[in-house]
Amino acid sequence: MIQATNGQIYGVREFGGAENCGTLIRIAPDGSGFSVVRSFTRAEGDYPVAILQSRDGRLYGITNAGGSGPFGALFSLNLDGTGFSILYRFTSAATGWSPGTLLEGADGVLFGSCLGEADATRSPLSAIFRIERDGSGFRILRTLARATEGFGVHGGAGVHLIQGGDGVLYGTAASGGSADAGTIFRLNPDGTGFRVLRMLSDAEGKQPNRLLLARGRLFGTAYRGGTAERGTLFRLEPDGSGFTVLRHLAGSFPPPTASQLPFAGLTEGRDGFLYGVSTAGGELREVGTLFRLDPATGAYLLLRTFQPGDGSPRGELWAADNGRLYGATAGGGLHAQGTLFAFVPAIPSVPTAAVGVPFVFSTVPILGAAGRYYADGLPPGLTIDLTTGDISGVPRTVGVFPVVLSARLPGEIGPVTINLEVGRAAVAIAITGLNQVYDGKAKPVTVSTAPEGLRYVVTYDGSPTPPVLPGSYAVQVRIQETDHVGQAVATLTITGAAPTIAPLPAVPAVVAGDAVSVAASVSGPGLLSYQWQRRSAGAGAFVDLIDGEGVSGSTGAVLAIRPATFAMNGDQFRLRVSNPLGSVLSDPVTLVVYPAAVLANVAVRARVRSGEPLTVGWVTSGARTLLVRAIGPGLGSFLGAAAVAGDPSLIVQHPDGARIASNADWGGAPDLVAASAAVGAFALAPDSADAALRVAVTGAATAQMEVTSAGLGLLELYDLQPAPGARIVNLSALYEAGTAEHALVLGLTVHGSGSKRLLVRGVGPGLRPFGVARPLPAARLDVYTAGALRLVGSEGWADALAAEFARVGAFGLPAGSRDAALVLTLPAGGYSIHLSGAGGESGTGLIEVYELP
């Protein structure tokens, strides 16, 4: 029997049909739709003995006799019975006669057995042939020598063939060989490589049926022989080694329950077990059985005994794609002509036990109802109830245990080997702490188990080390116990961000030698690292600071500069803060360092008239950025609008008259507003008519204030963060000086620490050589503190001061002139110098201030 690609089951019967020459039948797997596809005639051949479906979709078969040969034929037809064709007729010993088996090889060639040439005694010999599917190319591959290679008891029908995965043909001969018990052989598809693998003995079994290749081994049945002459089940390797009789078939009466006289080979079920039928044995003699064989252990199990009405099974079982096994019987059925049957090979799956967990399993579905049950090899902790067949208990040991089951009905059932697996007890695992915030520390999860106290291992993306950095991590927990098992997975999420820095506070200006610090306000998760950086004035790049270079705290939140040197004046400092998530840089702050004492800001007050500019001059030792302001209306809130000069303009120029910058109506420019605030100058209204400039100069320069209407005016000069080493070394103011409120007033600031030694001159008569019209006839100097405390006054000057004039480069004064001069040592602070007429006169006067060593 076969199952074709259309799902239908096809089979041949040797007899029956219109001419009693046999039939080809078809039936659905569920037993419906039975039909006779072909009724053979004597002209076509009778006694069909083999059928197969080829790769081309057609059915191919052979008849053992009849036909025009008249010794059988090879035929082909479609699945629906159409297209019947005789492909080859067996006619003689040379061309083969009485074929018995048919096999399609891996290459589509057909192989079979038949009778061939006779031996010396004129007895026919069995042969192996090959033929193309179209009937061409018939060739005898091997004629078997009866005594040494085997012979088919029923002619060609007594030689059976299969093909292995390597293409080799394996076969059995029902008789012949040294004991005339049959042989097992092999040969290549081209007829070469013939070798007898085994000459059977009576004790090993006689009349072997078709072999089965399963799990890399050859399995077979022998119709007779064995210890009770009722057949055997055997196994051997494909090279002929390892021949083993797995079971000697025998029975006793009453009742002979074991299988006897297997008339066909074995079939492999979808469950991996091997199945076969016998023509005798069972509960009633000579009826038959269906049995199972475990290819791994050789364990035999009787599955069914056939009743008289069923008939006696003949031929091999066929494993269909629905998992059932199909077979046929001789006799039995409604018409006593045989039956077609189906069998579901089902052995209940054995549940897996677990250590410490109660377990119950019934063996009745495997062994059937019986009077007594047995089990050998049970895991520790389990026992079998001899009466009910229940295996129960609490397993104590992990492992896979081959358990041999058997029973008595009172006849023997089994033995059957099952693999009873005892696994580790399952553990419930809970993982918490899966959402955490980065703080620079490792973030392990929390694990709890039920039962408690078990050992386990936790991995994070495959590593046993808990993560530190933000991200998502695959967490796996595995139990590490011999008798318990369990694992759980989850995702750990760590969140976080790079640090942030608040704007650094402005650094107060300091005097060389003082200490200064910069404190940063930083926030961010995790371990923060700090690095202060410095860029020297005029340099291009910031460089990392190292403690000991006049600084400390270079890797902390507070940078201390001890001491600040004048060389640091204008240097910029910034902080880089990092954590594993990133870095951030602060905006830089600028350090202003003044010398121990320096001349700083200057303000000159005078009553300014239209057409008579107020002039302030200065000399610096290097490049400086200055804020210069000419204020008239801006003084109105202090002095009243009527008292102040109107609409001033401002011109800054070199001593040779080359203009540097100019302004009228400052307009509230943002940079000038910021500069005024930075140096502490009073604020001007954005729409005031005052003038202001931000100007960079080096060396000598003058600023002139002109007004459109007379009144009090103020000309201011402020230092805006001078470059290192640069300082004001000379200040001057030129305008009309009178008495009291009409005096020419120059205000200045000595910045820093300690004292500053200055030469101060009030020049009136000394201006005549320079062509000044109407100079002040006699000069008087008065010096006041910022609190209006008079420090010193002078009319005239001592001859000894002439040397100081020359040292600082001041123009000389005639001896005994009525100009005024004095040398002062002033501590840091604000001062005003008043130039007035000594005799109450007025005229153009000049105030000069020089830095002395």
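What the sequence shown shows, in my numbering, is residues 4 to 856, in sequence order.
For each residue, glycine too, the CB sits at the ideal point set by N, CA and C.
Are the CB atoms of residue j and residue i within a distance shorter than 7 Å?
i, j, result
"S652", "E709", "yes"
"L630", "A664", "no"
"G380", "V401", "no"
"S315", "A333", "yes"
"L530", "G443", "yes"
"A606", "E719", "yes"
"S520", "A563", "yes"
"G765", "L827", "no"
"L747", "A609", "yes"
"L408", "A378", "yes"
"F362", "P382", "no"
Please list, in chain order, all residues of the same chain as residue i whose beta carbon is under 7 Å from its beta carbon, the five residues on each side excluded.
i, result
"G170", "A109, P192"
"V480", "I432, I434, V450, Y459, V461, Q490, A491"
"G194", "L144, R145"
"V698", "L629, V631, V655, I663, A664"
"L457", "V430, I482, E484, H487"
"F1", "The structure shown has nothing for residue 1, since the chain only spans 4 to 856."
"I850", "S735, A736, L747, L749, G765, I836, L838"
"D49", "C24, G25, F43, T66, A68, G69"
On a CA-only basis, which of the options is nearest residue i? Give me that one, please.
i, options, result
"E107", "A515, D137, L578", "D137"
"S624", "A603, V587, S640, R608", "A603"
"E271", "T230, L215, G312", "L215"
"L617", "L200, G20, A740", "A740"
"E135", "R58, T66, T175, G153", "R58"
"T151", "Y173, L306, L128", "L128"
"G341", "N325, V290, D324", "V290"
"P673", "H657, G660, D690", "D690"
"R125", "P102, G103, G757, R149", "R149"
"A600", "A477, T752, G716, P591", "T752"
"I731", "R537, S712, Y597", "Y597"
"A357", "G643, I30, R399, L118", "R399"
"T705", "A661, M4, E240", "A661"
"G168", "I394, Q210, R220", "R220"
"E854", "A686, L762, S797", "L762"
"W800", "T308, L816, A809", "L816"
"G620", "R238, A703, G474, A53", "A703"
Here's a check: name, in chain order, each residue in its chain whose Cβ is nearer than 6 Å to the Cβ of residue i, leaving out the five neighbours to either side.
i, result
"I89", "A76, F78"
"T593", "Q575"
"Y1", "No answer is possible for residue 1: the residues shown for the chain start at 4 and end at 856."
"S589", "I504, L507, R577, L578"
"I28", "G14, V39"
"T568", "A515"
What's the C-alpha gap between residue i and residue j?
i, j, result
"T420", "P447", "48 Å"
"P259", "S244", "Residue confidence is low: P259 scores 46 on pLDDT, short of 50, so the model does not pin down where it sits. No coordinate-derived value is stated."
"P780", "D722", "34 Å"
"R327", "A345", "6 Å"
"S835", "Y738", "16 Å"
"P470", "G426", "33 Å"
"V39", "G20", "9 Å"
"T282", "E120", "33 Å"
"F246", "G234", "16 Å"
"N67", "G275", "33 Å"
"G840", "G848", "9 Å"
"A648", "L717", "9 Å"
"S116", "G70", "18 Å"
"T98", "L113", "15 Å"
"I5", "D183", "32 Å"
Tell me which residue opens and which closes the alpha helix (DSSP H) that residue i is part of.
i, result
"P673", "673-682"
"L642", "639-642"
"P368", "367-370"
Could you spell out where the beta strand (DSSP E) holding residue i opens and where it closes?
i, result
"A809", "No beta strand (DSSP E) holds A809; the alpha helix (DSSP H) holding it covers 804-811."
"M1", "Nothing about residue 1 can be reported from this structure: the residues present for the chain run from 4 to 856 only."
"M708", "694-709"
"H251", "247-251"
"E739", "731-740"
"G316", "Strictly speaking, residue 316 in this sequence is Pro, with Gly absent from that position. Note, P316: beta strand (DSSP E), 315-322."
What does a CB cutoff of less than 8 Å around residue i pick up in its chain, not counting 5 residues either side in sequence?
i, result
"F266", "N212, Y226, V280, S281, T282, P316, R317, G318"
"T558", "S532, Y533, Q534, W535, D550"
"A96", "L118, G119, E120, A121, P127"
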